[in-house]
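Here the structure comes first, spelled out in structure tokens, and everything after it is commentary.
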Amino acid sequence: MTPRLEPVDVAAFAQTQLALLAAELEAEIAETSTLIGSHSPAGLQRAGVAVTNLVVNAQRTGFGGKTVLELGPDAATSTSTSASASGSADLPEHGIRTGDIVLVAEQPAGSAKKREVRELEKKGARGVVTRVTMAYIGVALDEEREDVAALTGRVWIVKLADDVTYRRMNITMEKLQKMTEAQQSVFIRVLFGQSTPSPIPQDLSQDPELAQIEWVDPTLNDSQKDAIRFALASKEIALIHGPPGTGKTHTLIELILQMLKRGLRILVCGPSNISVDNIVERLAPHKVPILRLGHPARLLPSVLSHSLDVLTQTSEAGAIVKDVRAEMDAKQASIRKARNGRERRVIYGDLKELRKEYRERERRCVRNLVAQSKVVLATLHGAGGFQLRNEEFDVVIIDEASQALEAQCWVPLLAAKKAVCAGDHLQLPPTIKSLNSKSSKPKPPPREGGEEEGGGKKAATSSATLETTLFDRLLALHGPSIKRMLTTQYRMHEKIMRFPSDELYESKLVAAEAVKARLLKDLPNYEVEANDDTTEPLVFIDTQGGDFPEKSEEEDTTAAASSNKKPKRGLHGESKSNEMEAALVRQHVRKLVQSGVRPEDIAVVTPYNAQVAILAPLKETFPGIELGSVDGFQGREKEAVIVSLVRSNAEGEVGFLGEKRRLNVAMTRPKRSLTVIGDSETVKRGSNFLTRWMEFLEDNADLRYPDVSSLTQDTA
7 MTPRLEPVDV
17 AAFAQTQLAL
27 LAAELEAEIA
37 ETSTLIGSHS
47 PAGLQRAGVA
57 VTNLVVNAQR
67 TGFGGKTVLE
77 LGPDAATSTS
87 TSASASGSAD
97 LPEHGIRTGD
107 IVLVAEQPAG
117 SAKKREVREL
127 EKKGARGVVT
137 RVTMAYIGVA
147 LDEEREDVAA
157 LTGRVWIVKL
167 ADDVTYRRMN
177 ITMEKLQKMT
187 EAQQSVFIRV
197 LFGQSTPSPI
207 PQDLSQDPEL
217 AQIEWVDPTL
227 NDSQKDAIRF
237 ALASKEIALI
247 HGPPGTGKTH
257 TLIELILQML
267 KRGLRILVCG
277 PSNISVDNIV
287 ERLAPHKVPI
297 LRLGHPARLL
307 PSVLSHSLDV
317 LTQTSEAGAI
327 VKDVRAEMDA
337 KQASIRKARN
347 GRERRVIYGD
357 LKELRKEYRE
367 RERRCVRNLV
377 AQSKVVLATL
387 HGAGGFQLRN
397 EEFDVVIIDE
407 ASQALEAQCW
417 VPLLAAKKAV
427 CAGDHLQLPP
437 TIKSLNSKSS
447 KPKPPPREGG
457 EEEGGGKKAA
467 TSSATLETTL
477 FDRLLALHGP
487 SIKRMLTTQY
497 RMHEKIMRFP
507 SDELYESKLV
517 AAEAVKARLL
527 KDLPNYEVEA
537 NDDTTEPLVF
547 IDTQGGDFPE
557 KSEEEDTTAA
567 ASSNKKPKRG
577 LHGESKSNEM
587 EAALVRQHVR
597 KLVQSGVRPE
607 DIAVVTPYNA
617 QVAILAPLKE
627 TFPGIELGSV
637 DGFQGREKEA
647 VIVSLVRSNA
657 EGEVGFLGEK
667 RRLNVAMTRP
677 KRSLTVIGDS
687 ETVKRGSNFL
697 TRWMEFLEDN
707 ADLRYPDVSS
717 LTQDTA
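Letter by letter, the sequence shown follows residues 7 to 722 of the working numbering.
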């Protein structure tokens, strides 16, 4: 197939990316500032971006010599009746996650004026969340403001824009921009379409070497074996397309093991810690020497023994490093005992010197460990840390490549001779905030020494967006010849799988025997009653008729305006909700639980955050149930999934519900039961894809029309 995209000039591409990244960071910072400036700490906590009423329980020295604070709930304000394992109160529910960049600051009083709040923030310190438990949150502080560790009062933390990742992406793009043609490897030229990938025979099962592979896991299906052979045979680039439930990670594990047999050095990356940890966890039983970069507090407990931090401490050189660390911990502990500022300054001076010594010894130890490692695993931006400086790899494997910014992928790619990218470009790309920002899209400045039009060099397209991933661009550049698709899926009942397979995956998906007919009534670990809700894999509750109208969160500002109060933009922006549809969700959940389905096997997903907020009480009524946005549920699965579509209006407007990749995620999360709740009249008018989906549900699902009166009784 002829490539659909023209070759791209490397420097022009990098320049466009730099402009787009600058706009994205600006949008992220602006969103954070607006949020913090417009809402109280309590309001921000409700929105999941802050945690209030904390105190410093402990402080210690973490990896890299950083000061780590353990922040727990203030016993004086805690209303929690539950207790953690240590006997202290649990933290309230919040949205802070490991890896988040946060501000730790003295908590403003409820009546504090904006100016006072800003002053308190200036005295605070930025840090990275290293651990989140029910009882405390660990934060590694930026060293320039470590004196905040002396905070003795009540503090709060609020999530900030992550500029560390942007800094690493920018450094990488600047390297690409300055690269001369002579410095561009064949690998880089292929990735920008200036060279054609080395040809590979269509049927590799006949290849003399690849036909004789001794599989570590002989149960792999034919499409998985074909993808592995293809990735081994490729000289520059291979894409492994893994639709939902097709065993993409399973395939990557076998690929890594086969590459190790061939003596290759491999760097494995993903956009998030969890995507990398899943691979570490599955590689670990094979007893291969692996090294996981990243803070140990962010890792799954089962993979800690492979972390750089643990290996550093247990190696011979690590013993010396440990002594310095102990001395630093003693100094940290003495800070609180200091009688005045002068004594504290002396301690900080000692700490600074110790940190310098610690870093140097730790780096030497780290360099030796990394140099000896055949498989190194890190997040994409984590691959840009000092540990991998000047390291080279035979191949870089990027998992979830279709969920990562392309600039992020280039952080590890500059150290590679070949790449294997795994993902599904038909699910959601990374979330781009600058696309929805009111500022106009950035125009990249003219490049110095750039050629005039027609001068033979291709500039990066002005319509470029960060939503275009490396996976997307390579597929458009070289066509399907660089891709292999996994076709057997091990997650969904055949009826749930049918529509996404026919519409998006060229009808190529096949349900494995073990899953093709499984239902809720057949759940293996406990008994479930057989009834209409547990014997039907696909249910459509159609709310057509206008009795279930949507509501925009901004409509709530009308009342505020009429009472002379200044209306505030909702925490969920212009998000939509649908009260009556939420009542239907609650009714259906109750029926499933009454039939014997455990709440922890049920998930409720919806495209709109305002609908998530309305449904929040479900978590109190049915502890264990999962509730969230479609975007946040990507990569997950549950036995039963209920999808609330929300949109119902006379104009037939569907907004971003019309994004087929978002709907693909929603409809491919369940194993045994998918229930869709929505207004077919409204949804049908959104797009041809939505029309076909509604028609498919009308023809193939167990079609139900809600009785409003019974619903009122049920929720009374």
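Think of the CB as a built atom: it goes at the ideal place given N, C-alpha and C, for glycine as much as any other residue.
As assigned by DSSP and simplified to three states, the class of residue i
i      : result
Ile272 : strand
Met491 : strand
Gln23  : helix
Ala465 : At Ala465 the pLDDT is 41, less than 50, meaning the model places this residue with poor confidence; the figure from the coordinates comes in the next sentence. Ala465: coil per DSSP, three-state reduction.
Arg575 : Interpretation of Arg575 is limited by its pLDDT of 44, a score under 50 that renders its predicted location unreliable; the figure taken from the coordinates is listed afterwards. The answer is coil: DSSP assigns Arg575 none of H, G, I, E or B.
Ala428 : strand
Asp713 : coil
Glu12  : coil
Pro207 : coil
Pro291 : helix
Lys444 : Confidence in Lys444 is poor, its pLDDT being 45 and thus under 50, which makes the residue's placement unreliable; the coordinate value appears in the next sentence. Lys444: coil per DSSP, three-state reduction.
Ser92  : With a pLDDT of 41 at Ser92, under the threshold of 50, the modelled position of that residue is not reliable, and the figure given next carries that caveat. Looking at Ser92 - three-state DSSP - the assignment turns out to be coil, as it is neither helix nor strand.
Pro214 : coil
Gly634 : strand
Phe2   : Since the first and last residues shown for the chain are 7 and 722, residue 2 lies out of range.
Ala567 : Annotation note: pLDDT 38 at Ala567 (below 50); position unreliable, no value reported.
Gly605 : Before going on, a small fix: residue 605 reads as Pro here, not Gly. Correct three-state label for Pro605: helix.
Ile107 : strand
Pro418 : helix
Pro436 : coil
Pro47  : helix
Beta-bridge partners of residue i, as assigned by DSSP
i      : result
Lys582 : Ser558
Gln723 : The requested residue 723 does not occur in the structure, where the chain is confined to residues 7 to 722.
Ile648 : Val610 and Thr681
Glu112 : Val161
Ala384 : Cys275
His247 : Gly429 and Met491
Thr73  : Thr67
Ala56  : Val164
Ala146 : Val74 and Val134
Val61  : Gly78
Asp708 : Val545
Val618 : According to DSSP, which records beta bridges pairwise, Val618 is partnered with nothing at all.
Phe702 : In the DSSP output, where bridge partners are listed per residue, Phe702 has none listed.
Ile403 : Val274 and Val426
Ser313 : Arg298
Pro486 : DSSP output for Pro486 lists no bridge partner at all.
Candidates the options, of which the one nearest residue i by Cα
i      : options                           : result
Gly664 : Val649, Arg691 and Trp416         : Arg691
Ser635 : Ala646, Arg668 and Glu587         : Arg668
Asp539 : Thr612, Ala482 and Val647         : Val647
Pro629 : Glu287, Pro605, Val138 and Leu432 : Pro605
Ala422 : Pro435, Phe193 and Gly54          : Phe193
Ile143 : Leu432, Glu37 and Ala64           : Ala64
Val376 : Lys666, Gly391 and Lys362         : Gly391
Ala141 : Ala95, Gly661, Val603 and Ala619  : Ala95
Glu659 : Leu703, Lys557, Leu598 and Lys644 : Lys557
Ser650 : Ala589, Gln51 and Glu76           : Ala589
Ala290 : Ser313, Ala336, Leu598 and Pro203 : Ser313
Ile341 : Val330, Asp356, Arg331 and Lys328 : Asp356
Glu701 : Asp553, Glu509, Glu535 and Leu621 : Glu509
Val330 : Leu297, Tyr364, Val714 and Arg348 : Tyr364
Ser679 : Gln414, Val74, Ala609 and Val714  : Ala609
task = Would you be able to state if there are at least three C-beta pairs under 8 Å between the stretch 373 to 384 and the stretch 243 to 253?
result = no
request  = Report the residue ranges of all alpha helix (DSSP H) runs contained in full by the stretch 497 to 555; include only those spanning at least 4 residues, in chain order.
outcome  = 500 to 510
ask   = Pairing CB atoms from the stretch 273 to 291 with CB atoms from the stretch 347 to 354, are three or more of them under 8 Å?
value = no
key: Sufficient close CB pairs (3 or more, under 8 Å) joining the stretch 514 to 530 to the stretch 266 to 275   = no
ask   = Can we say the stretch 547 to 556 touches the stretch 519 to 535, given the rule of at least three CB pairs closer than 8 Å?
value = no
inquiry  = Within 8 Å, do at least three Cβ pairs link the stretch 670 to 678 to the stretch 487 to 506?
reply    = yes
Three CB pairs or more closer than 8 Å across the stretch 199 to 219 and the stretch 165 to 176 = no
inquiry  = Check whether the stretch 423 to 433 and the stretch 236 to 246 are in contact - that is, three or more C-beta pairs closer than 8 Å.
reply    = yes
message = Across the stretch 226 to 234 and the stretch 470 to 481, are there enough close Cβ pairs to call them in contact, namely three or more that are closer than 8 Å?
response = no
ask   = Do the stretch 384 to 395 and the stretch 404 to 422 make contact, defined as three or more Cβ pairs closer than 8 Å?
value = yes
inquiry  = I'd like to know if the stretch 579 to 595 and the stretch 612 to 620 are in contact, where contact means that at least 3 CB-CB pairs between them fall below 8 Å.
reply    = yes
task = Please determine if the stretch 203 to 216 and the stretch 392 to 400 are in contact, where contact requires at least 3 C-beta pairs separated by less than 8 Å.
result = no
message = Check whether the stretch 49 to 56 and the stretch 333 to 340 are in contact - that is, three or more C-beta pairs closer than 8 Å.
response = no
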